[in-house]
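Have a look at the structure below, then the notes.
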Amino acid sequence: MADAQATAFDSTWAVIQQSPAVLGFSAVLLQNRTTGEKVLAIAGTDPTSPADVLTDLVNIAVYGTVLGMPQYILLELFYAMLVSDGKLGASETLAVTGHSLGGFLAQAFTARHTAVVSAAYTYNAPGFSNIEPLLGFLGITDTSAAGKITNVHATDGLSMTAGLGTMLGASQPVRIEAVANPLANHSVVILGDALAVFSAYASLQPSL
């Protein structure tokens, strides 16, 4: 973030709890200083983390599921810790979000915790190889959680990740700025820049 962005972010959001750094998993519970809304944000792949890269290759690309996935187990443990420490009420609602690997985890978490997740937003996230075993693992008898999930993905350039497999929830394509590297469309930075422009359009002229 630029200094101005960091200042604006800090004036809007308070960091309630950062997850322990284990096996590449990273998440943070944020709270809006004005509305009180809480958001569980799950980090995407850190390309310098061997654990993250291995998770992408094995759990997502090969198996396409959170069954036995260490990072999903850590996500559930982090959520349980937030509840046990009083940072979240047992039935308190929150929004969930994540980019790429984080979005993969966010979809599964939303499906398993439909009652407490108000909405989920993923960015250039992959989907799952087989929905039925996943739902069985998560203890789900229907896919009502899908109505709470919006999967935002860049439409320009190539991607070996975004939309891979079967997504839980609705798909929202977004045009992004063309860049020299066609694979760069997976970057959350470029997608975030595009969403910032669309947000400006919505404020200046909603019809755009």
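Taking my numbering, I'd label the letters of the sequence shown as residues 878 to 1085. Glycine included, every Cβ here is placed at the ideal spot set by N, Cα and C.
Across the structure, I893 and D887 are spaced so that their CA atoms are roughly 12 Å apart.
Around the C-beta of V939, fewer than 16 other C-beta atoms lie within 10 Å, and the residue is accordingly described as exposed. By the Cβ-count criterion, S1084 is exposed, with fewer than 16 other Cβ atoms from all chains shown falling within 10 Å of its own Cβ. Judged by DSSP secondary structure, V1051 falls within the beta strand (DSSP E) whose first and last residues are 1047 to 1051.
The C-beta of S903 has 16 or more other C-beta atoms within 10 Å across all chains shown, which makes the residue buried. Under the 8 Å Cβ criterion, the stretch 943 to 962 does not count as touching the stretch 1028 to 1047, having fewer than three qualifying pairs.
Per DSSP, the beta bridge partners of V905 are Q895, A918. Within the model, the alpha-carbon separation for T1043 versus T932 is close to 18 Å. About 17 Å separates the CB atoms of I937 and T987; that is not less than 8 Å, and the two are not in contact.
Excluding its 5 nearest sequence neighbours in each direction, V1065 has C-beta neighbours in its own chain below 8 Å: G921, H976, S977, Y1000, N1001, listed in chain order.
When A1077, A1057, A997 are compared, the shortest CA-CA separation from Q1049 is found for A997. Excluding the 5 residues flanking it on each side, D923 has same chain C-beta neighbours closer than 7 Å at G901, D929, in chain order. Here T991 is not near A957, since their CB atoms are 9 Å or more apart. T925 is classed as exposed because its beta carbon has fewer than 16 other beta carbons within 10 Å across all chains shown. Between L959 and V916, the alpha-carbon positions lie close to 12 Å from each other. According to DSSP, L971 shares a beta bridge with V994.
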